[in-house]
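Residue numbers (this note's numbering): 9 to 343.
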C-alpha cells in the first residue's frame, strides 16, 4: 500500500475506489485513508480487508468522502471511537456507513449513537450480523431516531437517518424494535417535517406511544411533567388530529402552570427573540436588494449618459427617464 501513496495523492480524478477482498489489514487501511485526504474520493469500499483497528486523524479526513463500506472486517468498539470522528460534523459529510459482519457490540453502538445525535448527513447505517449487539444496543438505535422519553426528546431525535439495518436478530421483541426503527426512518424519508410527524404519530397517539414506552423502558406517566412551554405547540397539533385522549389529562394538569406569570414571561421572551431574529434576517435581505438596485441604477445612468452623448439627447429627456424609473421602483416598494 505504501508504494501506492504517491499515485493516490496525485489522483485528481479518483472518486471511487473499490478494494473489496484485499488483504489491506489495519496498517494498509490507515495509510490509504491518510493518502486520500486531499483527493476527490467520494466512495471507498474496503470490505473484507482484514481491518481490526482504525486510526483516523481529524485533520486528515477526505473532505469529499460520502460512502464508506467496511463490512466483513474485525472492527470493534475501539474502531467505532475512530469512526465517530467522521460523524461529528467535521469536513466530511458521510451519507452511508456500512459496518455489517464486524465485531461491534453494545458499547460500539453507544459510541456511534452519541456521534449521531447531532449528525445531519448520514442517511444509512448498516449494522447487520454484528452478534455482539444485544437488545440494549437495539434500544439505543430506536431512541436515536425516536426518543419517546419526552416531547422535547422526540423533537430532538435524529431526523436524517433513512435506513438503519440490524435485522439479523430473530427474537420477537428485537423484531419489534426493528419494526419501530423502520417506522421512524420512514418518517424521516417521507415527511418534510419529520420531528412534527413523529410527535403526532407517537407522542400524541396512545397506542403507539404505549408500545414505544414498553420497548424503551419508559414510564408512561411522563405526560404529568410536560414542559408548559411546549403546550401551545402540542395544542395546535391536537387540534388537527382527533383521538388523542390521553394527552388531555396531562394538559389539564399543566394548563394552570402555562399561564403563570413566570412561564408567560418565558413564552413572551422566546417569541420576542424569534421575531427579532426574523426582523434582522429580513433587514439583511432588504439591504442586499437595495444595494443591488443602486448598482443597477448606476449602471443604467451610465448607459443613458453614454447614449445621450452619442445621440445628442438633451437633459430634459434624461431627467424624464430617471423620474419614470424611480416611479417604477416605487411600485415595488424599493427605496
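C-beta atoms are modelled at their ideal positions from N, C-alpha and C, and glycine is treated no differently.
With a cut-off of 8 Å on the beta carbons, I'd call residue 162 and residue 131 a contact; round off their distance for me. Not quite, the Cβ-Cβ distance comes to about 20 Å (not below 8 Å), so this is no contact.
**OP:** Quick one: using the 10 Å Cβ neighbour count with 16 as the cut-off for buried, is residue 217 buried or exposed?
**Re:** By the neighbour-count criterion, in which a residue is buried when 16 or more other Cβ atoms sit within 10 angstroms of its Cβ, residue 217 is buried.
Separation of residue 199 from residue 173, as counted between CA atoms = The alpha-carbon atoms of residue 173 and residue 199 are separated by roughly 20 Å.
> Of the residues 304, 188, 65, which one's Cα is nearest the Cα of residue 43?
Replying inline: Out of 304, 188, 65, 65 has the C-alpha closest to the C-alpha of residue 43.
Please report the straight-line C-alpha distance between residue 136 and residue 293, rounded to a whole angstrom. Computed Cα separation, rounded: 48 Å.
Sub-8 Å separation of residue 195 and residue 186 beta-carbons = For residue 195 and residue 186, no; Cβs fall outside 8 Å.
In the DSSP assignment, find the alpha helix (DSSP H) that holds residue 42 and state where it starts and stops. Membership of residue 42 in the alpha helix (DSSP H) is indicated by the continuous run 33-43.
### Query
If you drop the 5 nearest sequence neighbours on each side, which residues of the same chain put their C-beta closer than 6 Å to that of residue 120?
Answer for residue 120: 88, listed in chain order.
Go ahead and label residue 144 buried or exposed: buried means 16 or more other beta carbons lie within 10 angstroms of its beta carbon, across all protein chains shown. Exposed, since its Cβ has fewer than 16 Cβ neighbours within 10 Å.
Between the CA atoms of residue 159 and residue 207 - distance to the nearest angstrom = In this structure, the CA atom of residue 207 is about 7 Å from the CA atom of residue 159.
Please go through the segment 89-158 and give each complete alpha helix (DSSP H) segment of 4 or more residues, from N-terminal end onward. Runs of the alpha helix (DSSP H) inside the segment 89-158: 114-124, 143-153.
Taking the alpha-carbon positions, what's the residue 288 to residue 127 distance? Roughly 28 Å between the two C-alpha positions.
Report task. Using the DSSP secondary-structure output, state which residues sit across from residue 51 in a beta bridge. Result -> Per DSSP, the beta-bridge partners of residue 51 are 24, 75.
Between the alpha carbons of residue 112 and residue 92, how many angstroms are there, rounded? Each residue's alpha carbon lies about 13 Å from the other.
Next on the checklist: What does the alpha-carbon distance come out to for the pair residue 13 and residue 40?
Outcome noted: As the crow flies, the alpha-carbon of residue 13 is around 7 Å from that of residue 40.
Can you tell me where the alpha helix (DSSP H) with residue 222 in it begins and where it stops?
From DSSP, the alpha helix (DSSP H) with residue 222 extends over 214-224.
Q. Taking the continuous alpha helix (DSSP H) assigned at residue 204, which residues delimit it?
A. That run of the alpha helix (DSSP H) goes 202-206.
Among the candidates 211, 146, 152, 139, whose CA atom is the shortest distance from the CA of residue 184?
The shortest C-alpha separation from residue 184 is found at 146.
What distance in whole Å lies between the Cβ atoms of residue 106 and residue 100, which are believed to be in contact at a cut-off of 8 Å?
-> Actually they do not touch by this definition, with Cβ atoms about 15 Å apart.
ask   = What whole-angstrom Cβ distance do residue 28 and residue 55 have, given they're in contact under 8 Å?
value = Approximately 5 Å separates the beta-carbon atoms of residue 28 and residue 55; this is inside 8 Å, confirming the contact.
For residue 114, which of 149, 9, 123, 63 has the nearest alpha-carbon?
-> Per the Cα distances, 149.
Give the secondary structure of residue 172 by DSSP, where H, G and I count as helix, E and B as strand, and everything else as coil.
Three-state result, residue 172: strand.
request  = Might you give, ordered along the chain, the residues of its own chain that have their beta carbon closer than 6 Å to the beta carbon of residue 233, omitting 5 neighbours on each side?
outcome  = The pLDDT assigned to residue 233 is 49, lower than 50, so where the model puts this residue is not dependable; a value taken from the coordinates is nonetheless given after this. Nothing listed; no residue qualifies.
Quick one: Cα of residue 290 to Cα of residue 30, how far?
Rounded to whole angstroms, residue 290 to residue 30 spans 55 Å at the Cα level.
task: Can you grab the Cα-Cα spacing for the pair residue 134 / residue 214, in whole Å?
output: Computed Cα separation, rounded: 31 Å.
Nearest to residue 129 (by Cα), restricted to the options 22, 72, 79, 141
Cα-wise, what sits closest to residue 129 is 72.
Checklist entry - If you draw a straight line from the alpha carbon of residue 23 to that of residue 295, how long is it in whole angstroms? => result Linking residue 23 to residue 295 through their CA atoms gives a straight-line distance of about 41 Å.
Take residue 170 and list the residues in its own chain whose beta-carbon comes closer than 7 Å to its own, dropping the five residues that flank it on each side. Here the set comprises 131, 132, 193, 196, 197.
* Do you know offhand how far residue 156's Cα is from residue 141's? -> Roughly 21 Å between the two C-alpha positions.
Would you report the Cα separation of residue 302 and residue 309, rounded to the nearest angstrom?
Rounded to whole angstroms, residue 302 to residue 309 spans 10 Å at the Cα level.
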